[in-house]
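According to my numbering, the sequence shown is numbered sequentially starting from 1082. By construction, the Cβ of each residue, glycine as well, lies at the ideal position given by its N, Cα and C atoms. Computed from a predicted model, the values in this text were never measured in an experiment.
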Amino acid sequence: MLMDSADIEAGRERWQRRYDAARRRDADFSTLSGDDVDPVYGPPPGADVPGFERIGWPGEFPYTRGLYATGYRGRTWTIRQFSGFGNAQQTNQRYKMLLGAGGGGLSVAFDMPTLMGRDSDDERSLGEVGHCGVAIDSAADMDVLFDGIPLADVTTSMTISGPAVPVFCMYLVAAERQGADLSTLDGTLQTDIFKEYIAQKEWLFAPEPHLRLIGDLMEYCNAEIPRYKPLSVSGYHIREAGSTAAQELAFTLADGFGYVELGLSRGMDVNTFAPGLSFFFDSHVDFFEEIAKFRAARRIWARWLRDRYGATSEKAQWLRFHTQTAGVSLTAQQPYNNVVRTAVEALAAVLGGTNSLHTNALDETLALPTEQAAEIALRTQAVLMEETGVTNVADPLGGSWYVEALTDRIEQQAEQIFARILTMGGGDDVEHAIGPMTSGILRGIEDGWFTGEIAESAFAYQQALEKGDKRIVGVNSHLNTVSKELDILRVSHEVEVEQKALLARRRDGRDEPAVRAALAELVAVAGGDGNMIPAMLTACRAEATLGEICSALRDTWGAYTEPARF
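Here's what the structure looks like:
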């Protein structure tokens, strides 16, 4: 609907009513010089602004300018640092440091064996235990991981997709053992299997069994843990693999539409389950492009949810997202420059309206962060939040000719990609098991279309670097340096030895018949059409290990091998 000056003024009045009715932080929102600023800025009264219906006001459809009328005056973004290394006890100590230093929530990084659904004593885990995240073999490790951290009071995000559902069940068992009311738990589980086939390559089965598990999880959380978000659709790994900003946005939102279709195919109400979907984006170093990407994401999602999928409630149309600064932008050369890169990327995320944020540490190209590097990354967010004034005004770049043009361009590029994916799936005129976007995604995965598109973009960027058309300071420009080698965190291989010994002791001490019975029941449910979450919880309570659960399901559903492509 096109807007004239009267429509714009009516929107301003609606925004003012929302703002006046909303809660605001007790804080000083003036400039450093002491001048008061308005909570939002827009066109002068009486002005006609072509295209303003695409921009709007904060807290109002299409949410280009943010979900809340108050912007960050109501609440700031959550500082959520991604962390995990070694064993559960070591990571527990790091979490307590982060929370004590101002972190607002937790984000769990798992090691490679855990991400692949393997136990620490699996022969394929050799040399990897605890090295890129924390090792989790059973619910007992979750108990240690969150010892002294009340899960009823802390929001926890877990970045894992292939074995996400059994890991989540272990988390629920740990919360039960703390005495928490599971129905009140709040947090986010990634569970996004589409991006595994597209970019990260950490799947367990073929797509269809994974979608069965995800659908079961959506139904279970919707009924039993309504505040918990069972899906965080990830563009981060797609961008880190080499995609463009528009590809990251389009592939990620298309995946999100696929999960909406999954919920609808199970008879769920979109107004009930869609608020449980969240997103995870990369914030790269091209400052204005990233801001435009985030603004376009909210606008596209709101329009598609309303117009295509029938969402009528505001919360079902909202796109909530977590952001992590771009690991791929950091360099091993002149690593102190990474502090600057991370700060710029974090500022772009904030000006784009992120709901939570992780800032990378300066040494992450070399190793897991040291405690000092992790503190600098954490304090980067504190400086932005408390010193710069960026929380004073909602969407302060709204109306910028450049930012609005970039926002429109990225939106148009994303829409072209959506059309291509729908065509790959046969479009709206044929019958689909789940939905047309899902069919297109599955076809694109099977044909290697997504990975091919990303590979072409990554190759083009690499060529530009090698020609010098694109610059990276310390890599292909400004090569002279006085930087010294960093002290980096080294995870001892003793961690693996100790974790394997601990796992052996736990296996010896558990009720083995109960474990076997629980796994047999899980396999029986997997072979039928019942919801698998209750049976998986029973297996986790009996201390069945992650590898045992995943192996039992793999024996039932089979493994998946990516088709060879040339």
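In the DSSP assignment, F1368 falls within the unbroken alpha helix (DSSP H) covering F1368 to D1388. Comparing alpha-carbon positions, the option among E1468, V1121, R1635 and R1135 lying closest to L1083 turns out to be R1135. Cβ-Cβ separation between H1403 and N1436: approximately 7 Å, consistent with a contact (criterion under 8 Å).
Under DSSP, K1581 takes part in no beta bridge, so it has no partner. S1394 carries a coil assignment under DSSP once its states are collapsed to helix, strand and coil. Checking the DSSP bridge columns, you'll see L1358 partnered with L1312. Boundaries of the beta strand (DSSP E) harbouring M1239: T1237 to M1239, taken from the DSSP string.
Note that the C-beta distance between T1637 and A1607 is below 7 Å. In terms of CA proximity to F1338, L1312 leads the group L1312, E1468, A1442 and E1579. The residues V1246 and P1311, in chain order, have a CB closer than 6 Å to that of L1298 in the same chain once the five nearest residues on each side in sequence are set aside. Y1542 is positioned such that its CB atom lies no closer than 7 Å to that of W1284.
Non-local beta-carbon contacts of R1099 in its own chain, meaning distances under 6 Å to residues more than five positions away in sequence, involve G1140 and A1150 in chain order. Shown here, L1263 sits in a helix according to DSSP, grouped into three states.
With a cut-off of 8 Å on Cβ pairs, the region 1512-1520 is not in contact with the region 1530-1546, counting fewer than three such pairs.
Burial check for K1581: the Cβ neighbour count within 10 Å reaches 16 or more, so the residue is buried. For A1182, the closest C-alpha among the options N1612, A1304, D1476 and I1457 is that of I1457. Relative to the Cα of L1253, the nearest Cα in the group T1237, G1243 and S1242 belongs to T1237. Every beta strand (DSSP E) stretch that sits fully inside the region 1394-1438 and reaches 3 residues is listed by chain position as 1402-1406. Sorting A1103, Q1405, D1610 and P1290 by C-alpha distance to the C-alpha of V1366 places Q1405 at the top. Cβ-Cβ distances below 6 Å link R1524 to M1505 and G1506 in the same chain, with the five nearest sequence neighbours on each side left out; the list follows chain order.
With fewer than 16 other beta carbons inside 10 angstroms of its own, N1561 counts as exposed.
DSSP, reduced to helix, strand and coil, places V1254 within a helical segment of the structure shown. Sequence-distant Cβ neighbours of D1222 in its own chain, meaning closer than 6 Å and more than five residues away, are A1169.
Taking every protein chain shown into account, the CB of V1189 has 16 or more other CB atoms within 10 angstroms, so this residue is buried.
Rounded to whole angstroms, the gap between the alpha carbons of E1445 and Q1398 is 35 Å. Leaving aside the five residues that flank N1303 on each side, the residues in its chain whose CB is nearer than 7 Å to its CB run, in chain order, M1349, T1353, F1354 and G1357. C-alpha of G1296 to C-alpha of Y1390: approximately 17 Å in a straight line. Rounded to the nearest whole angstrom, the C-alpha separation of H1291 and E1527 is 15 Å. Of all C-beta pairs linking the region 1451-1469 to the region 1152-1163, three or more are shorter than 8 Å, placing the two stretches in contact. Excluding sequence positions up to five before and after Y1153, its CB lies within less than 7 Å of the CB of T1472, all in the same chain and listed in chain order. Within the region 1533-1600, complete beta strand (DSSP E) segments of at least 3 residues are not found at all. The DSSP-derived three-state label of I1160 is strand. Straight-line measurement puts the Cα of R1401 at about 18 Å from the Cα of A1103.
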